[in-house]
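K.L.:
To start, I am sharing the structure in question, which I have written as structure tokens.
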Amino acid sequence: MSSIRKIQITFDCAEPERVARFWCEVLGYVVPAPPEGFATWDAYERSLPPEQQGAWFSCGDPSGVGPRLYFQRVPEGKVAKNRVHIDVRVGTGLVGAERLATLQAECDRLVALGATCVQVLVADEDNESCIVMQDVEGNEFCLD
């Protein structure tokens, strides 16, 4: 019998710490303590060669249940739609106007943090409402 494995979700980005801190606010995640021997992440970063400073950042679910998110700097910008995206489940169990209002309130909160609202998809006969968004570097995600 196979075992369930923990996963990490990795984002390619230009500014790893900025994107990580955005996702901390979205998901209630936290930045881990800096490496042993360093009082702060800034102190750790200053200890690295210049080309390695700001190269990566991570955050995680404080309960340890959700996946770790890892953000790595890459030289190229985003040019196409994500093939995989995160659904932020803020409307679970809600339907109709109540669901849409809950999604819209979360959308407004995230826009204030730097996200972009791309499209509001209103419920039809087959699907409940959801909102397509982009994070601070244009990575797509949905409020579901």
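Quick note, the numbering used here runs 612 ahead of the 1-based positions in the sequence shown. All C-beta atoms, glycine included, are put in the ideal place defined by N, C-alpha and C.
1. Beta carbon of residue 628, beta carbon of residue 684: below 8 Å?
2. Between residue 686 and residue 625, is the Cβ-Cβ spacing less than 8 Å?
3. Measuring alpha carbon to alpha carbon, tell me which of 733, 623, 617 and 711 ends up nearest residue 751.
4. Would you give the residue range spanned by the beta strand (DSSP E) that residue 684 belongs to?
5. To test your reading of the DSSP string, which unbroken beta strand (DSSP E) runs of 3 or more residues are found completely within the segment 624-680?
P.N.:
Let me spell this out:
1. yes
2. Yes.
3. When only C-alpha atoms are compared, the closest one is 623.
4. Boundaries of the beta strand (DSSP E) around residue 684: 680-685.
5. 668-671
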